[in-house]
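Numbering (my numbering), first residue to last: 48 to 390.
All C-beta atoms, glycine included, are put in the ideal place defined by N, C-alpha and C.
Below: one structure, written as structure tokens.
Okay, here's the thing in structure tokens:
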């Protein structure tokens with residue numbers, strides 16, 4: 048099958064997913080080409096050389112069996128360029144903002160046009176599927192994005208690893224291995240709720256640590272320890288006593304999947320697709336983003352103060368993670384979807 052993947056500029060999870068999908072589809076014998084910008088292509092080592100433009104999509108789609116756009120920006124271009132070729136769009140983020148404004152109204156009209164043009168719309172979380180159906184999708188379904196780190200984390204003996212490696216990791220970053228590690232892994236961006244995290248860090252026990260890029264402009268010396276970006280977050284997930292996700296919105300966040308596979312308890316806001324992941328096996332914080340610091344701090348305190356209960360929940364989460372598709376299984380599901388839209 049000849050598959051054209053479309054991706055706008057990306058620096059995080061969407062780019063990683065498209066790279067993983069392209070690799071898995073190619074490994075299965077399919078001819079895969081990705082249209083995107085040069086920076087994104089180099090960052091994720093994506094196959095192909097054409098930019099994400101209507102003319103590129105139009106030219107390449109003539110010989111493709113399916114055009115698959117990831118994200119709404121790529122979908123806008125692909126919807127125009129795909130012509131008669133079957134067109135699929137995967138939503139990874141909300142496409143409708145809050146409030147009422149001319150900009151939102153114009154954006155919603157564009158969203159409706161793209162969604163209704165698609166032969167299939169998939170959402171990375173159930174709320175995105177609901178949005179697609181509300182916008183008039185002819186067919187919409189959930190398509191979870193798998194993390195490539197999950198299998199190795201599931202195969203790691205958490206107790207043995209912590210006994211052998213945890214002290215060295217924390218000591219290397221000036222942290223006390225005798226104290227609990229309250230971890231957040233995120234880039235610094237408004238939707239990630241880092242301001243809420245910093246407020247919560249001063250209201251609960253433990254060493255609160257932020258791992259991720261973009262920390263240069265954050266204030267130093269507070270209750271939140273800034274350790275910068277890590278190219279391998281698996282040791283941090285295994286060393287952590289709880290993972291905190293204070294985001295305004297997430298789909299089925301890869302880092303939450305990874306924490307579950309590592310056996311690390313999770314505290315997260317009840318937003319997006321996070322309830323789908325951790326309801327019953329983690330702590331979900333209700334309420335608006337403003338004022339979320341206190342509830343997050345209390346949920347972290349409860350997790351640390353009741354280690355047996357938290358460990359049992361984390362074990363259930365790990366068992367849930369064992370039932371998820373891996374990269375190759377996910378690629379197989381995609382080939383079935385591609386075949387279905389061609390009939």
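- Boundaries of the alpha helix (DSSP H) harbouring residue 108: 101-108, taken from the DSSP string.
- With contacts defined by Cβ atoms closer than 8 Å, residue 179 and residue 171 do not form a contacting pair.
- The Cβ-Cβ distance between residue 49 and residue 67 does not fall below 8 Å.
- Counting of Cβ neighbours within 10 angstroms places residue 305 among the buried residues, the total reaching 16 or more.
- Listed in chain order, the beta strand (DSSP E) elements of length 3 or more contained wholly in the stretch 143-228 are 167-170, 187-189.
- Residue 303 is positioned such that its CB atom lies no closer than 8 Å to that of residue 285.
- For the 8 Å CB-CB criterion, residue 280 and residue 253 do not form a contact.
- With distances taken between CA atoms, residue 327 lies nearest to 313 out of 334, 313, 340.
- Here the C-alpha atom of residue 199 lies approximately 13 Å from the C-alpha atom of residue 208.
- With a cutoff of 8 Å on beta-carbon distance, residue 192 and residue 278 are scored as not near each other.
- With a cutoff of 8 Å on beta-carbon distance, residue 121 and residue 108 are scored as not near each other.
- 113 is the residue among 215, 113, 216 whose C-alpha sits nearest the C-alpha of residue 167.
- Under DSSP, residue 93 shares a beta bridge with no residue.
- Residue 254 sits in a strand when the DSSP states are folded into three classes.
- Take the alpha-carbon of residue 298 and the one of residue 73: they are about 26 Å apart.
- Under a 10 Å Cβ-count criterion, residue 218 is classified as exposed, with fewer than 16 other Cβ atoms of the shown protein chains found around its own Cβ.
- Inter-residue distance for residue 356 and residue 238 is about 30 Å (C-alpha atoms, whole angstroms).
- Taking the Cα positions, residue 295 is about 14 Å away from residue 139.
- Membership of residue 353 in any beta strand (DSSP E) is not indicated, and neither H nor E is assigned to it by DSSP.
- Judged by DSSP in its simplified three-state form, residue 382 adopts helix.
- With contacts defined by Cβ atoms closer than 8 Å, residue 364 and residue 320 do not form a contacting pair.
- Beta-bridge partners of residue 119 (DSSP): none assigned.
- Taking the Cβ atoms as the reference, residue 259 lies roughly 25 Å from residue 225, outside the contact range of under 8 Å.
- Apart from the 5 residues on each side of it in sequence, residue 110 sits with its Cβ closer than 7 Å to the Cβ of 49 in its chain, given in chain order.
- Taken through DSSP and simplified to helix, strand or coil, residue 294 comes out as coil.
- Residue state for residue 62 is assigned as helix, using DSSP reduced to three classes.
- Bridge partners of residue 275 according to DSSP: 258.
- With contacts defined by Cβ atoms closer than 8 Å, residue 245 and residue 271 form a contacting pair.
- The beta carbon of residue 165 sits closer than 6 Å to the beta carbons of 134, 136 from its chain, once the five residues preceding and following it are set aside; these are given in chain order.
- Nearest to residue 163 by C-alpha distance, out of 289, 89, 127, is 127.
- Inter-residue distance for residue 373 and residue 250 is about 38 Å (C-alpha atoms, whole angstroms).
- Taking residue 182 as the centre and dropping the five residues before and after it, the same chain places the C-beta of 158, 159, 162 closer than 7 Å to its C-beta, in chain order.
- For residue 244, no pairing in a beta bridge is given by DSSP.
- For residue 267 and residue 257, the gap between their C-alpha atoms comes out near 12 Å.
- Judged by DSSP secondary structure, residue 303 falls within the alpha helix (DSSP H) whose first and last residues are 301-309.
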